[in-house]
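The block underneath contains the structure these notes are about, expressed in structure tokens.
Numbering (my numbering), first residue to last: 10 to 188.
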């Protein structure tokens, strides 16, 4: 089997509500992934802006950054087959349209509105959507290069050498670009 890797980021709202293991169990059942690495990670504002760079011009961007920086996330590296990204996306679902985001949401958008939430406070509640998954290998490498320490990349080399090598190459490119 050709191995592929994805990041599952269980966001601070799910960690706060102690849902990590339930979400991971549901993901394992729905996608047949193997978890090869996990750690708790506090995402800084600068890192959140890099992770959500494609969203910077959208109205929900501030709420997404707020949610991701509100506490620790659980960063998980999952290994699977070539369909890992599509499988994770399908099982993840959307807040009001099925999948784990619907299963683990605290309230629907309409319920938040009926409780008087609007504007940025409503956007902050909507952004509490429990988890994020990477869309492709390059996205996975970017997140890993931001989140992992050198000793963690070394440890990954034993079980996923191609992944480890790609992370190191990406990190070297980031250092050259930053100078």
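Cβ atoms here follow ideal geometry from the backbone N, Cα and C, with glycine treated the same way.
Residue pairing of residue 15 in beta bridges, as defined by DSSP: 87. Residue 91 and residue 42 have their C-alpha atoms roughly 11 Å apart.
The three-state secondary structure of residue 157, taken from DSSP, is coil. Listed in chain order, the beta strand (DSSP E) elements of length 3 or more contained wholly in the region 63-145 are 81-89 and 140-142. For residue 44, the enclosing beta strand (DSSP E) stretches over residues 43-51.
Here residue 155 is near residue 56, since their CB atoms are less than 7 Å apart. In the structure shown, the three-state DSSP call for residue 27 is coil. The beta carbon of residue 177 sits closer than 8 Å to those of 162, all from its chain and outside the five residues before and after it, given in chain order.
Residue 102 and residue 128 have their C-alpha atoms spaced approximately 24 Å apart. In this structure, residue 105 sits near residue 117, with a CB-CB distance shorter than 7 Å. In chain order, 132, 133 and 136 place their CB closer than 6 Å to the CB of residue 72, counting only its own chain and leaving out the 5 sequence neighbours on each side.
Straight-line spacing of the CA atoms in residue 87 and residue 119 works out to 34 Å.
Bounds of the alpha helix (DSSP H) holding residue 55 are 54-60.
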